[in-house]
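This report concerns only the one structure given below.
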Amino acid sequence: PPGVTPIEALVVSVSLATVVLFATLMGCLVPFFIDRFGGDPAVAAGPLMSTLIDVTGLTVYFGIAKLLLT
3 PPGVTPIEAL
13 VVSVSLATVV
23 LFATLMGCLV
33 PFFIDRFGGD
43 PAVAAGPLMS
53 TLIDVTGLTV
63 YFGIAKLLLT
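The sequence shown begins at 3 in this note's numbering and counts up one residue at a time.
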């Protein structure tokens with residue numbers, strides 16, 4: 003789109019790919035570890051995973067933006 007520089011597009015693209023990869027890994031590993039430590043893995047499927055992925059996504063996005071834009 004007009005007004006978007008290539009570096010800004012790179013920030014969004016790299017962030018999106020990183021967050022998707024990390025969310026997939028968390029979706030597989032967090033329930034496994036909860037089960038391993040005696041918890042109920044179904045708990046990880048709800049708000050816990052959504053919150054972890056959202057916080058991680060924002061952190062990754064801002065971190066990549068800071069690295070590439072400054």
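For glycine and all other residues, C-beta sits at the position ideal for the given N, C-alpha and C. Bear in mind that the values here come from a model prediction, so they are computed numbers and not experimental data.
Cβ pair residue i, residue j closer than 9 angstroms
i     : j     : result
LEU71 : VAL16 : no
VAL45 : ILE36 : yes
ALA25 : THR58 : yes
TYR63 : VAL13 : yes
GLY29 : MET51 : yes
Opening and closing residue of the alpha helix (DSSP H) in which residue i lies
i     : result
PRO4  : No alpha helix (DSSP H) contains PRO4, which DSSP labels as neither H nor E.
ALA67 : 49-71
Contact belief for residue i with residue j at Cβ below 8 angstroms, rounded distance in angstroms
i     : j     : result
PRO43 : PRO33 : 4 angstroms
CB contact check: residue i to chain D, cutoff 9 angstroms
i     : result
GLY48 : Absent from the structure is chain D; it holds one protein chain and no more.
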